[in-house]
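Asker: Below is the structure I would like to discuss, written out as structure tokens.
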Amino acid sequence: MSYILDALKKSDSERKRGDVPNLQTVHIPINADQPTPWALYGFISVLLLVLAFVIGLVISDKEPVTIIQVAETGRQIKPVLKPVLKEASRVNKNSELQYSKKIPQKITEQKTSQLKAARIEVTQKRAKEPVIELQQTNRVQVESVVALPDISNIPYLHELPEYQQQSVPEMHFAGHVYSTSAQSRSIIINNSAMSEGDTVVQGINVVKITSSGVVFSLHDNYFRMDILQDWSF
2 MSYILDALKK
12 SDSERKRGDV
22 PNLQTVHIPI
32 NADQPTPWAL
42 YGFISVLLLV
52 LAFVIGLVIS
62 DKEPVTIIQV
72 AETGRQIKPV
82 LKPVLKEASR
92 VNKNSELQYS
102 KKIPQKITEQ
112 KTSQLKAARI
122 EVTQKRAKEP
132 VIELQQTNRV
142 QVESVVALPD
152 ISNIPYLHEL
162 PEYQQQSVPE
172 MHFAGHVYST
182 SAQSRSIIIN
192 NSAMSEGDTV
202 VQGINVVKIT
212 SSGVVFSLHD
222 NYFRMDILQD
232 WSF
């Protein structure tokens with residue numbers, strides 16, 4: 002115990018000598034001169050400048066929006082003209098209908114009668130025209146038959162020169178009808194019925210149908226084909 006008491010006394014004496022504060026000592030705060038916050042002022046000024054710049058951008062962005070709205074309103078004004086035009090066209094149609102109703106019925110009846118008469122005349126003319134054409138074609142056929150040389154002098158197809166034989170296409174015969182009247186004669190070539198004066202292909206015509214075959218014209222020359230020799234059934 003004596004050692005403990007000696008240690009306590011020594012500690013008390015050392016405290017008194019060094020003025021070491023303990024729990025009973027009164028602490029007096031030391032007033033130090035604080036520096037002015039220039040950094041804070043600079044930060045606030047920078048924030049204000051940024052806000053001013055942002056506000057300027059927002060205002061500049063809002064101006065084109067107003068221009069676009071004006072353009073859109075202008076576009077919306079244009080379609081208003083369409084109903085006006087439609088109404089004007091309706092008024093014109095109504096006026097035309099009213100004007101047409103006022104026309105006397107006698108004039109329309111006269112016009113219809115005139116049209117009917119004109120149609121009857123046209124049909125009568127058309128009915129007469131084919132008869133004239135048939136008569137002319139028959140005359141041409143008769144003249145061509147008369148102008149033919151003697152059949153014995155007309156060569157067969159195989160007797161023609163080679164260049165003329167090559168110009169004649171292949172023909173398939175399927176029927177042959179001979180009569181004393183030229184109008185009743187017919188022949189079937191390449192599955193199509195033909196009579197005298199018809200054209201087989203361009204440049205080759207049926208000139209005459211004989212009892213033994215057919216006489217063709219090849220441009221300015223004539224040749225014949227016999228039923229038994231040249232026909233292929």
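Residue numbers (the working numbering): 2 to 234.
Positions of the beta carbon are idealized from the N, C-alpha and C atoms, including for glycine.
Only a predicted model underlies this, so the values are computations on that prediction, with no experimental measurement involved.
Thinking residue 1 and residue 215 are a contact (beta carbons under 8 Å), I'd like their distance in whole angstroms, please.
Answerer: Since the first residue of the chain shown is 2 and the last is 234, residue 1 is not available in this structure.
Asker: With distance defined between alpha-carbon atoms, name the residue in 188, 223, 186, 212 nearest to residue 204.
Answerer: Comparing Cα positions, the closest option is 223.
Asker: State yes or no: is the C-beta of residue 219 within less than 8 Å of the C-beta of residue 169?
Answerer: Yes, these two residues count as a Cβ contact at 8 Å.
Asker: Quick one, are the C-beta atoms of residue 198 and residue 188 less than 8 Å apart?
Answerer: Not a contact, by the Cβ cut-off of 8 Å.
Asker: Output needed for residue 54: all residues of its chain with C-beta closer than 6 Å, excluding positions within five of it in sequence on either side, in chain order.
Answerer: Excluding residues within five positions, none has a Cβ falling inside 6 Å.
Asker: Helix, strand or coil: which one does DSSP assign to residue 193?
Answerer: Residue 193 falls in the strand class under three-state DSSP.
Asker: For the alpha helix (DSSP H) containing residue 164, list its first residue and its last residue.
Answerer: Its alpha helix (DSSP H) spans residues 163–168.
Asker: The beta strand (DSSP E) with residue 175 in it runs from where to where?
Answerer: It spans 174–178 - the beta strand (DSSP E) in which residue 175 sits, taken as one unbroken run.
Asker: Using only the alpha-carbon positions, how far apart do residue 227 and residue 210 sit?
Answerer: Roughly 10 Å between the two C-alpha positions.
Asker: DSSP state of residue 14, grouped into three classes?
Answerer: In this structure, residue 14 counts as helix in the three-state DSSP scheme.
Asker: Hey, quick one: how far does the beta strand (DSSP E) through residue 205 stretch, first residue to last?
Answerer: Per DSSP, residue 205 belongs to the beta strand (DSSP E) from 205–210.
Asker: Assuming contact is defined by CB atoms lying nearer than 8 Å, are residue 157 and residue 225 in contact in what I supplied?
Answerer: In this structure, residue 225 lies closer than 8 Å to residue 157 by Cβ.
Asker: What does DSSP give as the partner residue(s) for residue 188 in the beta ladder?
Answerer: Looking at the DSSP assignment, residue 188 forms a beta bridge with 177, 195.
Asker: So, with DSSP's three-state summary, where would you put residue 227?
Answerer: Here residue 227 sits in strand by DSSP.
Asker: Where DSSP assigns a beta bridge to residue 214, which residues make up the other side?
Answerer: Bridge partners of residue 214: 227.
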